[in-house]
Each structure stands twice: as C-alpha cells, then as structure tokens.
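These protein sequences, in sequence, are chains A and B.
If you're matching positions, the first sequence starts at 3 in the working numbering and goes up one per residue.
If you're matching positions, the second sequence starts at 666 in the working numbering and goes up one per residue.
Beta carbons are placed, not taken as given, at the ideal position from N, Cα and C, and that holds for glycine.
As the structure is a computational prediction, the values presented were derived from the model and not from experiment.
Quick notes on the structure that follows.
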Amino acid sequence: MSQDFVRQLPAGGFEFHRREAGIGDKIHVDATIVFLLLCISGYGLLILYSAVGQQSAPVLAQSIKLGIATVTMLIMAQIPPVVYLRFAPWLYVLGLLMLGLIYFVGFEVNGSRRWLRIPGVVNFQPSEIMKLVVPMILAWYFHDRHLPPKTRHIGWAMLMIAIPVLMIGGQPDLGTALIIGVSGLLVLFLAGISWRFVFGAISLMLVSAPALWFILRDYQRQRILTLLDPERDPLGAGWNIIQSKTAIGSGGLSGKGLFQGTQSNLDFLPESQTDFIIAVLAEELGLVGIVVLLILYLLLMGRGIIISVQAQDTFGRLLSGTITFTFFVYVFVNIGMVSGVIPVVGVPLPIVSYGGTSVLTLFAGFGMLMSIHTHRRITL
Amino acid sequence: MVEPLALKDHTGESRIYVERAVLGFGLLILLTLFLVGRLFYLQIVQHDVYTTLSDKNRIQVQSLPPIRGLIYDRNGELIADNIPSYNLVITQERVDDLDATLTALQQLVDLSDAEVVAFRNRMKRRQRPFESVPVLFKLSPEEIARVSVNRYSMPGVEIEAKLVRHYPRGALMAHAVGSVRRINEGDARRLDAVAYSGTDHIGKIGIERFYEPALLGKVGYQRVETDARGKVMKVIDATLPIPGEDLTLSLDSSLQQAASDALGDRRGAIVAIDPATGGILALVSKPSYDPNLFVTGIDHATYAGLRDSIDVPLFNRALQGQYEPGSTIKPLIGLTGLVTGTVTEEATIEDPGWFRLPNDSRLHRDWNWTKSGLGGHGTVNIRKAIYRSCNVYFYTLAVQLGIDRIHDHLALFGFGRNTALDLPEARSGLLPSRAWKEEVRGVTWYPGDTVNIGIGQGDMLVTPLQLATAVAVIANRGKWVAPRMLMQENELLKAAAKRTPPDIDRVPDHVWDLIIESMEMVVHRGNQGYGENGTAWAYIGRGLEYRMAGKSGTAQVVGIRQGEEYDEDELEERQRKHAWFVAFAPVDNPQIAVAVLLENGGGGSAIASPVARTVLDHYLLDPRHRVASAAVNR
C-alpha cells in the first residue's frame, strides 16, 4: 500500500481534478447517486402502484424494502474500501461454501435449488451475494498486479469466475449464472485485457453458439424458439411475449395514461409487477415515459463511471466500474427480453421491479460505490 | 519467471481504465439507443397493429342470440317452447389436470369416450384463453346434483344454462311440427354466420324448417371489456336481439291427440283439414319419435335404433308416404265420367264380378268376386258404384274415358303435384299419364293400365295429405284450399300460396250433388239388405249425430297373381293391403275433411272407417271444438 502511495504522488491523469472534501464526503454519501436512486425509486413505485391495480399495500411493502436497501447502502458506504479489499477473498470462499451447501441442504423452488434457509431467521440466495463478491474478488486479484493482466493471471481470473458460475448454473439458474459470468468478464475488460482476448472470446462464442443449442435444456430451447416465433404457441409459451409487445406497442408515443393501461389492468400482461413491469410503463406513459426512465438510468450509470474513473486505486476502479456496467446489463437484458429481442430470462428491471432481493443487492453495490468515492486518501 | 518490476504503473493503468470505461460507456449508449430504437419500432411504427391487438384482447363482441319464436296450436296451447338446458362446460385454464378431470367426470355423469373426443376437438377450435367449452349437453337434475357436489374437487368445471327448444307434447307433434337440430359443420358453412352467431340450433324439419327465418329472430350484440380470464368488466354498448316471431298453427292439439289415440300402436297416418281454409287440424304419422331427443344431440345407438327400425318412425307417412289411393279415387273417376258426359246419372252396367277387355285374356276382378261365380254387384248405376265400391263399373268407365281425360281431371284435384304451402317435406305422389309412361318406363300406355287406374291401382300414388286435400276440395265443391299449417298471415306463406291450383269450375252443381250424395250413402245407407248397404255403414253408419260423406279404399301391396285365391292369413302381416278411409262432415256445412291410412290394415271400410269416425266425432261433437271451429270459420 505504501508503494502505491509513493507512486501516486506525481499527479495522475485525473488527479488535477482535486476536490474539497464536502459534507457528502464526510458522511460518505454521494448526493448525485442518492438523488438519482430516489428519482428512480419514486418513478418505480408509481409504476408499481399502477401495475398492482392501484393498491397501496404492495407499494408500501416495496417502499419498506427500498428503505431497508437504502439503509444498507448507507451502512455499506461507511465501510472504507480497504475493508472490502481485505475481506474479498474471505467473502469469496464463504460464498462458494454456501453455494456448495445448497447441494446438500438447499431447498427447491420450481425445480431448482437456489435457496439456503436458516429456519426462523432468514431465507436467502447465495447466488445473489455472488453478484457483488465475484467483481470484488477479481478486483482484489488485479489490485496488486500489473495491468494489463498477463495471460496467466487471466487464466486464474477465469477460474475464479467459472467456479461460482458453474455452481449457480447447475442449480439451475442460468440467468444469474450468465449475469455473474458477464460481470466477471467486465472486470477483465476494464482491467485492460488485450483486444485479442476480447475479439477472440467474442468469435469463440459466436462459433460455439450452435453447439450451445445442444447443451440447453428443453425449456430453454423453447424460450429461444418462442422468441423467434411467439405465434407458434400463442396461448402458452408465446403468451407472455405477445402480450408484452402488445402492451408496449399499444402505448404509442405518450401512452394510454397513468392507470389506464388495459393490458396490465385487465391482466393480459403476465408478471406485470416484476419482470415485465417496463411494459406497464410503456403502455401507460408511452415511449416518452420509457425514455425518461432510460435517461435516469444513464445519468446514474454516468455518475458511476465518473466515480470509477476518479477512484484512487485499481480495486476501487475495477469494482465501481463493474458494478456500474453490470447494472446496465440488467437494464438491457430486462428491456430486451420484454420487448422481444432476447429470450425470456428471469431478470428484473433494476430498482423498478417488485421484490426486495434484487434491490438490496443493487443498493449494496451503490453503497460500495459511494464508499469508494468518499473514502479518499487525500482527505485522510 | 521473474517479475520484472514490483512497482505498479498507476498512471498507465489509470489511462487504460479510462480508455476502457469510455469505450464501455460508448457501447452502453449505443445499446441504449438500440433499445430505444426497438421501442420506437413497437410504439411508433407498429403502434396501430398493437393497438388493434390490444383492443382485440380487451373488447369482446358478444352476440346476444334471439329467443326463438314459440309455436302455439289454434287454441293457444304451447307446442314448441324454450326451456333452460344445463350444459357441462370446462375452462381449460382453470383446470389443473384435464385428463384427470375428464376421467373424474366420467365417473359422475354419462360421458362416453366419443363425447370426450368431440370435446377435445371443440377445445382445439376455441378462440381465446378462458373460453369455456361444452363437454356434455342437457344434464339431468341428478347429474347436475352430482357434479355440483363434486365441483370443489374439479376447478374449471362449470354448469352453464342455455335456452333450448322443447316440445312439451313430445312424439305427438313430431311429424306435424318438425324439430330443430344442433347446427352441424355443414350447416355452419351454409348459414349466415352473423345471423346465427350465438345460436346453436336451426329448424331442420317441418314448420321449424319452413318458418326458420321468422322463428329465428334477429341477433343482438354487445361489446364488452373483459379481463384476461374472460370476466366481463363492463358493457361498452349493446344492440338488443329481436325475439323470433311466435307462430299460431291451425293444428288442434286435442284433435291430434284423439287421432293419435285412434291409430293406437298401428302404423299409419291421419290428416285432417279445415275445408274452409286448408288449415291442417291434425297431422299424425305413426310410429313417431320424441323430437326432444334430437335437440341437443342424440346418441348414436338411439339414433341408429330409430333409423334402422323396420317401422321407420322417422318417416313422415302423412307427407312422404306414397300409396295407391285404391277405391278412394272412385268418386273422382265418377265425377270425371259425369263432367265429360261419358256416363249419366241413370246409366247402368251389369256386374258379373269380373271385367275383361276385348281381345285380352286378363281377368279384372271385382272385390266381391268368388271362384264359384256368385260374386258381382248386379245392375249398377253411379250411386251404387260408389256406395258399393263396384270395381267393374269403374273398370268400364275408365276404359271409356281413356287415360288422358282421367289424368286431366284428377290433376285438378292436386294429384301428381305438391300443393302443400308450408310443409317442406310433402311429396307429389304420382299421377300417371301417357307421356309419363313413355318417358319413365319407355313403354306405350296400354288399355289395361287404364283399367287399373279406374279403381286407384296400378301406377298412381298419393300421400295421405294429398287425399285429405282432394276431399276438402270435394267438400268445397271445387273451391281450392291449399293445405297449410300456419293460421296467421306470413310473407313466406303468402309467397307459397301463389302456387295454389285454380278453383274447379267445370263441374256443374248437380254433379257435385250426385257425387257427395253417393259418398254420403257410403256411410249412411243402411238396413237395405245384403249387397245394398253403403260399404262403411255396418262399421260407422249407426248412431251418427251428423251427416258424413266418405269413401273407403284398399291399396295393394303385393299383386295377386291370376287365378290365385287371396288369403290374408297366408301373407305376411306387412304384405297385407293398406286400408284407406276418406271423409268430410257435416255434409251441408263441411268443417273437417280427413284421410286415414292404416298400413297393412286390410279392408278400408272395416279397419280405417272407425278411425275416421273417431276423429270426426271428436272434432264435431266435443262442444269446446264446435265453438272453437265455429269461431274460426267466422
């Protein structure tokens, strides 16, 4: 660490942009991020209120979850990044142990084992924790190493990604496994692996895509076929995608009006509170309503990227950058799936979809982001 | 491998990161724009398409089927009604396990495997989720109870009520009124899908068929907003259906019952007509069937039983049964003779019991001919020829008239053509002519053919309805009334009425008098000693409170070979002759004309005439009917 400190003294590319430590830094809060999260949460609650048929109970429940997530975020922000750095390997090992434990004591929901239950205390998905831990362990791994990473290090990093991804994929929870895998690869990308690797990996994926078809389970193949032609089973597998596209398309430019969406209010739209909630927004507030949400998301991610660029060490940079780009993966996959450009995988729309787990993980990530930004050595 | 340098190049790493982060952010914006592009395509470019889909989802046009018109008899008694029928329906989306549910239902109700297959086919054709599909029609109260009790264990199974046709008098009216049937795929292709949307049944036979456009009514619509489970949230707008027109028939249920009772279990037909209007008072064909069986779909075994029965209960003998008229034609042959001046009232012949054409060996026997040579009616004039039903007189007369004149005069009374106005199943019979024989048989007309026509045998065929109509025209002294079921006015009826034959004006009054008087003698001339009484007098002539004109007839089923004794007992029952009796009454003010046919009944006078009298007695003597018919005639 001291070496880092010494090497840092000649001002780096962005070090000239030195700020005064404001009130936000003192309480470890980034006002921009908190403000944008509040905006998105509020907007999300409004859409949720419509999606549940204007009942207040679910909105209240979601507000409480958002509140808990916010508190978690603020607590996470108080912990200095160096603690995260130190605990990253332990968290990683703990996460793997829990994933392993699932195979013995995890309980099954809808044919897959994802949950650990401590009776009377809590039920949770270890895979959810791994969404943060995998970027952390990789950031930890590259923190002390020269970048761009050497091939050998890339190999180890890939192994660190592959172990949890395969364990989660075997639950089976392909959606989460893919997201975690992608977040790991994002760390590699941001760490500066050479373009040879990037394009090599992309071409390898394209080539192996047909082979992948035979690895997929039957229901997964069905999802792809349904994406290509929803009308092959309009009342069954194709129903969700046909109805969500209908909801989006019928919304038009400015929508049918808040609470006036027929697709959602008359229950034609499935999962309208969770994974498909963007269709409710699209139906009631139209393209304009979606663009507003996308702008909020872009601002949030832009802020995340600025924070990562300003981060003072490799760990902070890679971790905050990965958290930000992973956030976008959620946004893209969810909207892409609901609007019928990628197969249906169970990915919620960040912050807006009903449910506590995803919000908690996301907010915890933003807590780390704020921690990285506000625990600056210069202020020590 | 040795690390070249332990120190990290922070500036360089930072630069690499910034480079990657900016690139990543650029990609992120590109992908976001791609999503916006996709949404733009769905929401702006394809907006109309999806708006239509959304409205189609939400707005259902429900047809409101009209209530089918009711059918009453002349006294206001309900003949065809609409009653609720309870169907078992399944909504697939609410069912956990369809196969298990169907198996469970088969334990509860009488549901055959064939019906399950039909149900699955209907299920495939449904239009939207949460649409219920019928499994079984017309549940019995017991089945309803059993299903209701077990419904908690079978989600998605429901009992639905619909109005369907019901014939309270069942088999009694089947042949008179006809019936509706469930619309099948063939009908569906032919029918106006709009007019019949929501309607499951269509008139297939009889009155139900002929007046289908009037009975159907006009379909109504409502546009409703439904949720995804098909639950109606609100009615957007509605056009109410217009119920079908109620029909009143000239039929008299009580007379119909009396006629049916008079036939009993025997095969045959009775048609009674009001000579003043042509209105049909009774139309019975036996055996009959319960038309209610067909309304909601008959099971195959029952249907096969009806279809293949040797007694052909589905066959309407009154309208479609074509038989030789036998001696019932004699009054009209006599009328032809008098009108054409071929015979006179006083002219007589000597009847030895047989007739033979010049240069022909074939012996045409009289009905009382015997081998011993003691048969024959002696000296016979036209009156006696009719009241004794003398064959030889009419053999002789027919030969003198020739087939052309016989054909032309019988045609005036509606033979060989269908004069029924609103009875779609009625048939034309057959009135032979030279042209017909040459065309159909390819043989020229022989004088021997004419001899047989003289006593209503040979090729001539009539239906009971045709014969009853001809008797009504005789009762009217030539004024034509076409037979009709409907008592009220109707456009369809008016159109059909244009086909009514012209009144018969070439018959002088004294000829009508003579013919009707002779027919009266068939019934009333009695106590004159052997061989002098009217043929029906012994059976019905005594104790009559009104004057009746009638004529018996016997139609051949199997020809009797020359020189062979006719032994009724030796023939199979079904090869026996058909018995006819036609009549009208009262003679001076005819109120009812009737034709009775008993298949394989044997002699017309002995067997058929009492049936005819029962019918006339019932109509003319029951005070209620006297009042009713008098009112109608006024």
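For residue i, the residue or residues it bridges with in DSSP
{"i": "residue 933 of chain B", "result": "B:951 and B:1263"}
{"i": "residue 886 of chain B", "result": "B:728 and B:904"}
{"i": "residue 346 of chain A", "result": "Answer is none; residue 346 of chain A lacks a bridge partner."}
{"i": "residue 799 of chain B", "result": "B:754"}
{"i": "residue 737 of chain B", "result": "B:743 and B:913"}
{"i": "residue 749 of chain B", "result": "B:828"}
{"i": "residue 944 of chain B", "result": "B:1149"}
{"i": "residue 109 of chain A", "result": "A:117"}
{"i": "residue 649 of chain B", "result": "Examination of residue 649 of chain B is not possible in this model, given that chain B is present from 666 through 1299 alone."}
{"i": "residue 807 of chain B", "result": "Beta-bridge pairing links residue 807 of chain B to no other residue."}
{"i": "residue 822 of chain B", "result": "B:755"}
{"i": "residue 988 of chain B", "result": "B:1127"}
Local conformation of residue i per DSSP, three classes
{"i": "residue 981 of chain B", "result": "coil"}
{"i": "residue 1058 of chain B", "result": "helix"}
{"i": "residue 1235 of chain B", "result": "Residue confidence is low: residue 1235 of chain B scores 48 on pLDDT, short of 50, so the model does not pin down where it sits. Its coordinate-derived value is still stated next. Correct three-state label for residue 1235 of chain B: helix."}
{"i": "residue 165 of chain A", "result": "helix"}
{"i": "residue 838 of chain B", "result": "helix"}
{"i": "residue 831 of chain B", "result": "strand"}
{"i": "residue 114 of chain A", "result": "strand"}
{"i": "residue 91 of chain A", "result": "helix"}
{"i": "residue 276 of chain A", "result": "coil"}
{"i": "residue 10 of chain A", "result": "With a pLDDT of only 46 at residue 10 of chain A, under the threshold of 50, the placement of this residue in the model should not be trusted; the figure read from the coordinates follows. The answer is helix: DSSP assigns residue 10 of chain A an H, G or I state."}
{"i": "residue 270 of chain A", "result": "coil"}
{"i": "residue 859 of chain B", "result": "coil"}
{"i": "residue 1104 of chain B", "result": "helix"}
{"i": "residue 1225 of chain B", "result": "In this prediction, residue 1225 of chain B scores a pLDDT of 42, lower than 50, which makes its location untrustworthy; the coordinate-derived value is nonetheless stated afterwards. Note: residue 1225 of chain B maps to coil in three-state DSSP."}
{"i": "residue 1257 of chain B", "result": "strand"}
{"i": "residue 938 of chain B", "result": "strand"}
{"i": "residue 817 of chain B", "result": "helix"}
{"i": "residue 258 of chain A", "result": "coil"}
{"i": "residue 182 of chain A", "result": "helix"}
Span of the alpha helix (DSSP H) around residue i
{"i": "residue 868 of chain B", "result": "Where residue 868 of chain B is concerned, there is no enclosing alpha helix (DSSP H), although the beta strand (DSSP E) it sits in stretches over 866-868."}
{"i": "residue 317 of chain A", "result": "316-340"}
{"i": "residue 850 of chain B", "result": "850-855"}
{"i": "residue 1116 of chain B", "result": "1112-1118"}
{"i": "residue 223 of chain A", "result": "220-230"}
{"i": "residue 1216 of chain B", "result": "Premise fails: residue 1216 of chain B lies in the beta strand (DSSP E), 1214-1220, not in any alpha helix (DSSP H)."}
{"i": "residue 1243 of chain B", "result": "Careful: residue 1243 of chain B lies outside any alpha helix (DSSP H), inside the beta strand (DSSP E) at 1243-1250."}
{"i": "residue 919 of chain B", "result": "918-928"}
{"i": "residue 366 of chain A", "result": "359-376"}
{"i": "residue 704 of chain B", "result": "675-705"}
{"i": "residue 1285 of chain B", "result": "1274-1286"}
{"i": "residue 1301 of chain B", "result": "This structure does not reach residue 1301 of chain B, given that chain B is present from 666 up to 1299, and the question cannot be answered."}
Boundaries of the beta strand (DSSP E) in which residue i is found, first to last residue
{"i": "residue 126 of chain A", "result": "124-126"}
{"i": "residue 1015 of chain B", "result": "1014-1016"}
{"i": "residue 846 of chain B", "result": "845-847"}
- beta strand (DSSP E) runs wholly inside the stretch 751-780 of chain B, at least 3 long, in chain order: none
- Message: Short of 9 Å Cβ to Cβ, which residues in the stretch 283-305 of chain A face chain B?
- Response: 284, 285, 288, 289, 292, 293, 296, 299, 300, 303 and 304
- Check each residue of the stretch 876-900 of chain B: if its Cβ is closer than 8 Å to any Cβ of chain A, include it; give the result in chain order. 890, 891, 892, 893, 894 and 898
- When Cβ atoms are compared, which residues of the stretch 855-878 of chain B fall closer than 8 Å to chain A? none
- Query: Quick one, which residues of the stretch 346-362 of chain A are near chain B if we go by CB-CB under 7 Å, in chain order?
  - Reply: none
- Item | Length at least 3, wholly inside the stretch 1016-1102 of chain B: the beta strand (DSSP E) runs in chain order | 1043-1045
- Query: Relative to chain B, which residues along the stretch 200-214 of chain A have a C-beta separation below 8 Å, given in chain order?
  - Reply: none
- Using a Cβ-Cβ cut-off of less than 9 Å, give me the residues of the stretch 243-254 of chain A that come near chain B, in sequence order. 244, 245, 247, 248, 249, 250, 251, 252, 253 and 254
- Query: Hey, which unbroken runs of the alpha helix (DSSP H) at 4 residues or more fall wholly within the stretch 1126-1177 of chain B?
  - Reply: 1129-1140 and 1156-1162
- Message: Against chain B, which members of the stretch 306-318 of chain A pass a CB distance test of less than 7 Å?
- Response: 307, 310, 311 and 316
- Task: Give the residues from the stretch 714-730 of chain B that approach chain A closer than 7 Å (Cβ to any Cβ), ordered along the chain.
- Result: Cβ contacts with chain A come from 714, 715, 716, 718, 719, 722 and 723.
- Message: Beta carbons nearer than 8 Å to chain A: which residues of the stretch 756-776 of chain B have them?
- Response: none
- Query: Got a sec: which bits of the stretch 260-273 of chain A sit with their beta carbon under 7 Å from any beta carbon on chain B, in order along the chain?
  - Reply: 264, 265, 268, 269 and 270
- Got a sec: which bits of the stretch 124-153 of chain A sit with their beta carbon under 7 Å from any beta carbon on chain B, in order along the chain? 148, 149 and 150
- Could you list the residues in the stretch 185-201 of chain A with a C-beta less than 7 Å from some C-beta on chain B, going in chain order? 191, 192 and 194
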